[in-house]
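Data first, discussion second: the structure below is written as structure tokens.
Residue numbers (the working numbering): 28 to 330.
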């Protein structure tokens, strides 16, 4: 029984859909009431949408769609009509957190140097050429003033937290009370020289500090080395004994081949061995003019 019902539905539905597809769609601002007659697609019956409802596209809807109700922090951006839906927008300082539910949340408060993002859900660092000079939860970064476009010169460069200061090109006509810091300014240099952001200035300051520290450490090392060398030379001039490695062997005079009797003395708390004259020294073979015959020497030793 179930299989027969399924087959019947499969047989009926395509024919029903095919007849409905032959009918014209209802235009925007209307909804579908009755299908067309066979062979007459333009006989589709449509009705206008009642107040508070709409349809934006051609359709076969049996009911029009209701307009969105903007409430709370939502404000009406574009009022709707029969062919266009109502658009809501959050009031200033708020952003749409959930588009489907139309919930507005307060923007994050951004400090100077940053601005509210386009979505309003965070803060964005001001890029070069833009600034933000106060805490705000509704303003984004603003561009620097274009002094040249107004026929003025740049008196003070801008940063992420401040706008540029403009002044007249002819500084000779400007009183010092108004531009005290601009009396020695070269206008040509101020216009041609690119603006330096606060970050670049901070980076240059750090580089100067590092270079100064390295120079100080190098100079300090050189002074210590020179002082140590000066003290060593001063000890040598005062007659302090040389290193023990340079003293001769007190027990043997290897040059003459004889032993000596060392005499022990004390000098400034340090033991020194002074070599005396040899007690008995046999003549060395190196001092003889004629070397003895080896065979004769062996013969004498035998007897």
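All C-beta atoms, glycine included, are put in the ideal place defined by N, C-alpha and C.
Practice task
List the endpoints of the continuous beta strand (DSSP E) containing residue 148.
Solution key: By 1-based counting over the chain shown, the position of residue 148 is 121. Careful: residue 148 lies outside any beta strand (DSSP E) and carries neither H nor E.
Problem - the stretch 148-158 touching the stretch 123-135, judged by at least three CB pairs closer than 8 Å - result: yes
Problem - For residue 68, the three-state DSSP class (helix, strand or coil) - result: Position 41 of the chain shown, counted from the first residue, corresponds to residue 68. Helix, per DSSP.
Practice task
Under 8 Å Cβ to Cβ from residue 73, same chain only, skipping five residues before and after it: list those, please.
Solution key: Taking the chain shown and counting its residues from 1, one reaches residue 73 at position 46. Excluding residues within five positions, the ones whose Cβ falls inside 8 Å are 53, 54, 57, 58, 59, 60.
Practice task
Would you mind giving the Cβ-Cβ distance between residue 80 and residue 51, rounded to the nearest angstrom? I have them listed as a contact below 8 Å.
Solution key: To locate residue 80, count along the chain shown from 1; it is residue 53. To locate residue 51, count along the chain shown from 1; it is residue 24. That pair is no contact at about 21 Å.
Exercise for the section: Spatial neighbours of residue 200 within its chain, please: CB distance less than 8 Å, with the 5 preceding and 5 following residues excluded, ordered by chain position. Expected result: As a position in the chain shown, residue 200 is number 173, starting the count at 1. Confidence is the limiting factor: at residue 200 the pLDDT is only 41, short of 50, which leaves the residue's position unreliable, though a coordinate-based value still follows. Correct list: empty, nothing qualifies.
Exercise for the section: List the residues that DSSP assigns as beta-bridge partners of residue 132. Expected result: The count along the chain shown starts at 1 and reaches residue 132 at position 105. Bridge partners of residue 132: 122.
Handout entry: Beta bridge counterpart(s) of residue 158 as assigned by DSSP
Key = Looking up residue 158 in the chain shown gives position 131. Beta-bridge pairing links residue 158 to 169.
Practice task
Less than 8 Å between the CB atoms is what I'm expecting for residue 164 and residue 143, so what's the real figure, rounded?
Solution key: As a working mapping, residue 164 is identified with position 137 in the chain shown. As a working mapping, residue 143 is identified with position 116 in the chain shown. The Cβ separation is near 7 Å, so the contact holds.
Handout entry: Terminal residues of the beta strand (DSSP E) in which residue 105 lies
Key = Working through the chain shown from its first residue, we reach residue 105 at position 78. Residues 101-105.
Exercise for the section: Count the other C-beta atoms from every protein chain shown that fall within 10 angstroms of the C-beta of residue 238, then say buried if there are 16 or more, exposed otherwise. Expected result: Locating residue 238 in the chain shown gives position 211, where the first residue counts as 1. Per the 10 Å Cβ criterion, exposed.
Practice task
From the DSSP output, in three-state form, read off residue 296 for me.
Solution key: Within the chain shown, numbered from 1, the residue matching residue 296 stands at position 269. Its pLDDT being 44, under 50, residue 296 is placed unreliably by the model, and nothing is read from it.
Handout entry: Extent of the continuous beta strand (DSSP E) run through residue 57
Key = Here residue 57 refers to the residue found at position 30 when the chain shown is read from its first residue. From DSSP, the beta strand (DSSP E) with residue 57 extends over 57-61.
Exercise for the section: Within its chain, find whatever has a CB closer than 7 Å to the CB of residue 95; leave out the 5 residues flanking it on each side and keep chain order. Expected result: Against the chain shown, residue 95 aligns to sequence position 68. Closer than 7 Å at the Cβ level, and outside the excluded window around residue 95, lie 112, 113, 115, 129.
Handout entry: residue 177 - DSSP class collapsed to helix/strand/coil
Key = In the chain shown, residue 177 corresponds to position 150, counting from 1. Residue 177 falls in the helix class under three-state DSSP.
Handout entry: Selection from 83, 77, 48 that minimises the alpha carbon distance to residue 67
Key = Stepping through the chain shown from its first residue, residue 67 is reached at position 40. Nearest C-alpha to residue 67: 48.
Problem - Residue of 192, 179, 152 minimising C-alpha distance to residue 171 - result: Residue 171 sits at position 144 when you count from the first residue of the chain shown. The residue with the shortest Cα to Cα distance from residue 171 is 192.
Exercise for the section: Would you check if the distance between the CB atom of residue 156 and the CB atom of residue 179 is smaller than 8 Å? Expected result: Numbered from 1 along the chain shown, position 129 holds the residue referred to as residue 156. Numbered from 1 along the chain shown, position 152 holds the residue referred to as residue 179. No, Cβ-Cβ distance for residue 156 and residue 179 is not below 8 Å.
Practice task
Counting only the same chain and skipping the five closest in sequence on each side, list residues whose C-beta sits under 7 Å from that of residue 138.
Solution key: Locating residue 138 in the chain shown gives position 111, counting from the first residue. Cβ within range, chain order: 162.
Handout entry: Nearest neighbour of residue 118, chosen from 103, 84, 245, 184 [CA to CA]
Key = Taking the first residue of the chain shown as position 1, residue 118 is located at position 91. When each option's Cα is compared against that of residue 118, the closest is 103.
Exercise for the section: Go through its chain and collect everything with a Cβ distance to residue 121's Cβ below 8 Å, but skip five positions before and after it. Expected result: Taking the chain shown and counting its residues from 1, one reaches residue 121 at position 94. Excluding sequence neighbours, residue 121 sits near 100, 131, 132, 133, 134, 147.
Practice task
Mark residue 83 as exposed unless 16 or more other C-beta atoms lie within 10 angstroms of its C-beta, in which case mark it buried.
Solution key: As a first step, residue 83 must be located in the chain shown, where it is residue number 56. By the 10 Å Cβ count, residue 83 comes out exposed.
Exercise for the section: Determine the direct distance from the alpha carbon of residue 158 to that of residue 223, and round the result to whole angstroms. Expected result: Locating residue 223 in the chain shown gives position 196, counting from the first residue. Locating residue 158 in the chain shown gives position 131, counting from the first residue. For residue 223, the pLDDT reaches just 45, beneath the cut-off of 50, and the residue's location in the model is therefore unreliable, although a value from the coordinates is still provided. Their backbone Cα atoms lie some 13 Å apart in a straight line.
Practice task
Compute the minimum distance between the beta carbon of residue 144 and the heavy atoms of the ligand HEM, and state whether it is under 7 Å.
Solution key: Absent from the structure shown: the ligand HEM. Ligands present: none.
Exercise for the section: Pull up the distance between the alpha-carbon of residue 245 and that of residue 260, whole angstroms please. Expected result: Taking the first residue of the chain shown as 1, we reach residue 245 at position 218. Taking the first residue of the chain shown as 1, we reach residue 260 at position 233. Cα-Cα distance, rounded: 23 Å.
Problem - Residues that DSSP places opposite residue 73 in a beta bridge - result: Residue mapping note: residue 73 aligns to position 46 of the chain shown, counting from 1. Bridge partners of residue 73: 59.
Handout entry: DSSP state of residue 331 mapped onto helix, strand, coil
Key = Any property of residue 331 remains undetermined from this structure, which presents the chain solely from 28 to 330.
Exercise for the section: May I ask which residues mark the beginning and end of the beta strand (DSSP E) holding residue 192? Expected result: For the purposes of this step, residue 192 is taken as the residue at position 165 of the chain shown. Here the beta strand (DSSP E) through residue 192 covers 192-194.
Exercise for the section: Could you check which residue in 153, 175, 75 has the C-alpha nearest to that of residue 186? Expected result: Taking the first residue of the chain shown as position 1, residue 186 is located at position 159. Cα-wise, what sits closest to residue 186 is 153.
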